[in-house]
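Peer 1: Numbering (the UniProt record's numbering), first residue to last: 1 to 124.
For glycine and all other residues, C-beta sits at the position ideal for the given N, C-alpha and C.
Structure provided below as C-alpha cells; questions to follow.
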Amino acid sequence: MARATGCNLETIRYYEKIGIMPDPPRSTKGYRSYDDAHVKRLKFVMRSRDLGFSLEEVRGLLGLVDDRSRTCAEVQIIAEDHLTDVQAKIADLQRIERVLSDTVARCTGDAAPECAVIDALLDA
C-alpha cells in the first residue's frame with residue numbers, strides 16, 4: 001500500500017494504531033493484506049492532510065464517510081471551520097512577511113556590528 005499511495009510505511013502503521021485506518025486482514029503468514037478500499041481510504045486521509053486538516057478533523061470526516069446517513073451540511077461545517085482557520089493562518093503569515101520584509105530592508109548587510117534584524121528581535 002505504501003507503493004500504491006506514496007505514503008510512508010511508518011505513517012500507515014501510525015494511522016492503523018490510532019484508528020484512522022482499519023487493521024487489515026492478515027495472510028496465513030501474517031502479512032497485511034490491503035484491498036482497494038484501504039488504498040482509497042488512505043488516499044482520502046493523505047489528501048485531507050495535504051489540505052491541512054488535523055488528524056481529529058480527518059477522523060470526523062471519515063466518520064461522516066463511514067456513516068451512510070451523513071449530509072453534505074455536516075461536511076460543510078467541518079470544511080468551513082477549517083477554511084476559517086486557514087484564512088487566519090494566511091493573515092498571520094502575511095503580517096509576519098510584512099514585518100520581516102521591512103526589517104530585512106533596513107538591514108545594511110555590511111560588516112558593522114549593528115543589525116536591524118537583531119535590533120528588531122531584541123525590541124520585541
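Looking at Met1: is its Cβ nearer than 8 Å to the Cβ of Tyr31?
Peer 2: no
Peer 1: Buried or exposed, going by whether 16 or more other CB atoms sit within 10 Å of the CB of Leu42?
Peer 2: buried
Peer 1: What do you get for Ile20, buried or exposed, if any count of 16 or more other CB atoms within 10 angstroms of its CB means buried?
Peer 2: Burial is judged here by how many other beta carbons sit within 10 angstroms of a residue's own beta carbon; Ile20 has at least 16 and is buried.
Peer 1: Using a Cβ-Cβ cutoff of less than 7 Å, which residues in the same chain neighbour Met46 once the five nearest sequence positions on both sides are dropped?
Peer 2: Thr5, Cys7
Peer 1: Helix, strand or coil, according to DSSP, for Arg68 in the structure here?
Peer 2: coil
Peer 1: Against chain D, with Cβ distances strictly below 8 Å, would Ala88 count as a contact?
Peer 2: Considering every chain present, this structure includes no chain D. It has just one protein chain.
Peer 1: Within 10 angstroms of the Cβ of Leu51, are there 16 or more other Cβ atoms? Answer buried if so, exposed if not.
Peer 2: Result: exposed.
Peer 1: Name the one or two DSSP bridge partners that Arg32 has.
Peer 2: Arg26
Peer 1: Tell me the DSSP secondary structure of residue 125 in three-state form.
Peer 2: An answer regarding residue 125 cannot be provided, because it is not within the stretch 1 to 124 covered by the chain.
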